[in-house]
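A.B. asks: Pasting a structure below so you can have a look.
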Amino acid sequence: MMERRSFLAALAASGVATNGVPARGETERALREVAAGKGMWFGAAAGWPLLRDNEIYARQFATECNMLVPENVLKMQVVHPEPERYNFEPGDFLAAFCQKHGMKMRGHTLVWHQQMAPWFQGVATRENARRLLEEHIRAVAGHYRGKIESWDVVNEAIDVKDGIAGGLRKTPWFELLGPEYIDFAFRAARAVDGEARLVYNDYGLDYADEGTAAKQEAVLRLLRGMLERKVPLDGFGTQAHLNVASREKFKPEALRKFLGEVAALGLKIYVTELDVIDQALPDDVEARDRGVAEFYEAYLSAALDVKAVVAVLTWGLTDRYTWLARRHARASGAPIRPLPLDREYGRKPAWRAIGRAMEGRRG
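Going by our numbering, 317 is the number at position 317 of the sequence shown; the sequence numbering is gapless.
And the structure:
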């Protein structure tokens with residue numbers, strides 16, 4: 001592994017900023033500044049202990065972002081590893097990082113069917129599940145009360161293919177508590193934190209095709225029902241994991257219509273996990289970067305036409321650290337390039353596309 005001093009020298013030689021300022025006379029504003037100028041946030045998912053141990057990563061993150069979402073450390077598997085023990089150290093570090101650098105922090109996520117605590121399956125029953133859920137939410141949301149701008153209270157509760165009424169997903173919580181677990185989770189979160197926005201977050205809502213339309217309708221039905229039942233729901237998160245292979249299925253007017261319907265419910269909207277899979281593009285870096293950037297700009301230009309959108313977050317900031325390297329590797333072995341900064345922390349066409357989309361927001 002390259003020593004830090006050698007790595008810094010290599011970055012400096014290539015013209016990439018290593019001190020949090022633009023390199024080689026670059027005068028472009030950081031994305032956090034562009035976002036703030038439009039009354040919104042730009043941020044990214046942050047890994048721990050990367051922010052603690054990698055000075056360059058931390059500096060670039062603080063330069064570009066005014067919002068942070070923990071990638072994994074507030075998920076049940078990490079934050080609640082044993083029935084009577086919570087692990088708040090990683091999340092506390094991220095919260096302190098946000099405070100130090102004038103950033104907002106999102107909470108992700110209180111209730112999800114993946115990355116659940118390792119002990120859950122052997123302990124949870126229909127008789128105790130409600131208590132377990134309430135205790136988990138009370139402990140985690142309570143610990144971070146006053147430090148979280150918004151919580152993804154429930155994540156990915158819709159899967160119309162499961163064939164359940166309302167399009168709900170057959171999750172462990174659903175099997176133990178029925179559909180009421182969603183309302184219950186939001187009420188429990190509000191009981192312990194009266195200030196954070198409470199958000200429902202989901203994926204697969206970006207395209208103009210039959211499957212997407214069915215999921216959009218199920219999500220809207222869920223949101224409307226929660227509001228009719230006076231559930232404390234403040235916002236909606238659309239993950240926006242985009243794929244260039246599906247570019248032709250993206251229609252700006254369809255996205256604006258869906259997000260407009262969410263906004264009409266009085267909810268704030270977060271683009272929560274944005275990235276662009278580049279497998280369908282050629283290995284040529286310039287061509288790939290051009291295609292990825294075009295999709296970023298097309299998507300965000302449409303989304304930001306909806307005034308209720310208050311934040312744009314990418315799922316990672318640099319190609320050096322992206323979950324897509326495991327899930328969507330290129331057949332040639334060439335490194336994937338789905339995020340705003342490249343593997344050497346340089347600003348890519350995608351970075352400029354995000355900036356242009358935010359700059360172009362009207363009103």
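Cβ coordinates follow ideal geometry from the N, Cα and C atoms, glycine included.
Just so you know, these numbers come straight off a predicted model, no measurement behind them.
Name the DSSP bridge partner or partners of Thr314?
C.D. replies: Counting from one through the sequence shown, the residue named residue 314 turns up at place 314. According to DSSP, Thr314 bridges with Ala44 and Leu274.
A.B. asks: Within 8 Å of any Cβ in chain D, is that where the Cβ of Ala129 sits?
C.D. replies: No chain D appears in this structure, which consists of one protein chain only.
A.B. asks: I think Val309 touches Ile269, with their Cβ atoms under 8 Å apart; what is that distance to the nearest whole Å?
C.D. replies: To locate residue 309, count along the sequence shown from 1; it is residue 309. To locate residue 269, count along the sequence shown from 1; it is residue 269. Contact holds; Cβ gap of about 5 Å.
A.B. asks: Less than 8 Å separating the beta-carbons of Trp119 and Glu82?
C.D. replies: Looking up residue 119 in the sequence shown gives position 119. Looking up residue 82 in the sequence shown gives position 82. Yes, Cβ-Cβ distance for Trp119 and Glu82 is below 8 Å.
A.B. asks: Is the Cβ-Cβ distance between Gln60 and Leu265 less than 8 Å?
C.D. replies: For the purposes of this step, residue 60 is taken as the residue at position 60 of the sequence shown. For the purposes of this step, residue 265 is taken as the residue at position 265 of the sequence shown. No, they are not a contact pair.
A.B. asks: Are the segment 96-103 and the segment 73-80 touching, with three or more C-beta to C-beta distances below 8 Å?
C.D. replies: Output reads no: the segment 73-80 does not touch the segment 96-103.
A.B. asks: From which residue to which residue does the beta strand (DSSP E) around Val202 run?
C.D. replies: Here residue 202 refers to the residue found at position 202 when the sequence shown is read from its first residue. With the sequence shown as reference, residue 202 is identified as Asp, and Val is not the correct amino acid for it. Where Asp202 is concerned, the enclosing beta strand (DSSP E) stretches over Arg197 to Asp202.
A.B. asks: Would you list, in sequence order, the uninterrupted alpha helix (DSSP H) runs of no fewer than 4 residues that lie entirely inside the segment 221-289?
C.D. replies: Whole alpha helix (DSSP H) segments, 4+ residues: 252-263.
A.B. asks: Using only CA atoms, which one of Leu300, Ala189 and Trp112 lies nearest to Gly142?
C.D. replies: Working through the sequence shown from its first residue, we reach residue 142 at position 142. Nearest C-alpha to Gly142: Ala189.
A.B. asks: Could you give the DSSP three-state label for Trp112: helix, strand or coil?
C.D. replies: By one-based count along the sequence shown, residue 112 stands at place 112. Coil.
A.B. asks: In the DSSP output, what is Leu341 paired with across the bridge?
C.D. replies: Translated into the one-based positions of the sequence shown, residue 341 becomes position 341. Partner(s): Thr318 and Arg347.
A.B. asks: Write down every uninterrupted run of the alpha helix (DSSP H) in the segment 57-102 whose length is 4 residues or greater and which is fully enclosed by it, in chain order.
C.D. replies: The segment 57-102 contains these whole alpha helix (DSSP H) runs: 76-79 and 89-100.
A.B. asks: DSSP on Leu304, reduced to helix/strand/coil?
C.D. replies: Looking up residue 304 in the sequence shown gives position 304. Leu304: coil per DSSP, three-state reduction.
A.B. asks: Rounded to the nearest angstrom, what separates Asp162 and Pro172 at their Cα positions?
C.D. replies: As a first step, residue 162 must be located in the sequence shown, where it is residue number 162. As a first step, residue 172 must be located in the sequence shown, where it is residue number 172. Using only the alpha carbons, I get a separation of about 13 Å.
A.B. asks: From Asp449 to Gly333, what does the alpha carbon distance come to, in whole angstroms?
C.D. replies: Here the chain comprises residues numbered 1 to 363, so residue 449 is not present and cannot be evaluated.
A.B. asks: How many angstroms separate the CA atom of Ile277 from the CA atom of Arg85?
C.D. replies: Against the sequence shown, residue 277 aligns to sequence position 277. Against the sequence shown, residue 85 aligns to sequence position 85. Using only the alpha carbons, I get a separation of about 37 Å.
A.B. asks: Counting only the same chain and skipping the five closest in sequence on each side, list residues whose C-beta sits under 7 Å from that of Phe258.
C.D. replies: Walking along the sequence shown from the start, residue 258 turns up at place 258. Here the set comprises Leu205 and Gln216.
A.B. asks: May I ask which residues mark the beginning and end of the alpha helix (DSSP H) holding Asp183?
C.D. replies: The residue labelled residue 183 in the question sits at position 183 within the sequence shown. Taken as a continuous stretch (DSSP letters only), the alpha helix (DSSP H) holding Asp183 covers Glu180 to Val192.
A.B. asks: Measure from the alpha carbon of Asp319 to the alpha carbon of each residue in Ala311, Val306 and Pro335, then state which is nearest.
C.D. replies: Position 319 of the sequence shown, counted from the first residue, corresponds to residue 319. It is Pro335 whose Cα lies nearest to the Cα of Asp319.
A.B. asks: With respect to the alpha helix (DSSP H) encompassing Trp173, which residues constitute its N-terminal and C-terminal limits?
C.D. replies: Against the sequence shown, residue 173 aligns to sequence position 173. Pro172 to Leu177 is the span of the alpha helix (DSSP H), which, as asked, contains Trp173.
A.B. asks: Nearest to Arg247 by alpha carbon, out of Leu281, Thr238, Phe97 and Asp234?
C.D. replies: Numbered from its first residue, the sequence shown carries residue 247 at position 247. Looking at the Cα atoms, Leu281 is the closest of the given residues.
A.B. asks: Classify Gly178 as buried or exposed, calling it buried when 16 or more other Cβ atoms lie within 10 Å of its own Cβ.
C.D. replies: Locating residue 178 in the sequence shown gives position 178, counting from the first residue. With fewer than 16 other Cβ atoms within 10 Å, it is exposed.
A.B. asks: Are the CB atoms of Val140 and Arg187 within a distance shorter than 8 Å?
C.D. replies: By 1-based counting over the sequence shown, the position of residue 187 is 187. By 1-based counting over the sequence shown, the position of residue 140 is 140. No, they are not a contact pair.
A.B. asks: Is DSSP giving Gly355 helix, strand or coil here?
C.D. replies: The residue labelled residue 355 in the question sits at position 355 within the sequence shown. Helix, per DSSP.
A.B. asks: Quick check: the Cα distance between Arg138 and Val192, rounded to an integer number of angstroms?
C.D. replies: For this step, residue 138 is matched to residue 138 along the sequence shown. For this step, residue 192 is matched to residue 192 along the sequence shown. Going from the Cα of Arg138 to the Cα of Val192 covers about 6 Å.
A.B. asks: Skipping 5 residues on each side, what residues in its chain have a beta carbon closer than 8 Å to that of Thr27?
C.D. replies: Translated into positions along the sequence shown, residue 27 becomes position 27. Any reading at Thr27 must be qualified, since the residue scores a pLDDT of 47, below 50, and its modelled position is unreliable; the value itself is stated next. Excluding positions up to five away in sequence, the list is empty.
A.B. asks: Go ahead and pull the three-state DSSP assignment for Leu133.
C.D. replies: Taking the sequence shown and counting its residues from 1, one reaches residue 133 at position 133. Three-state DSSP puts Leu133 in a helix.
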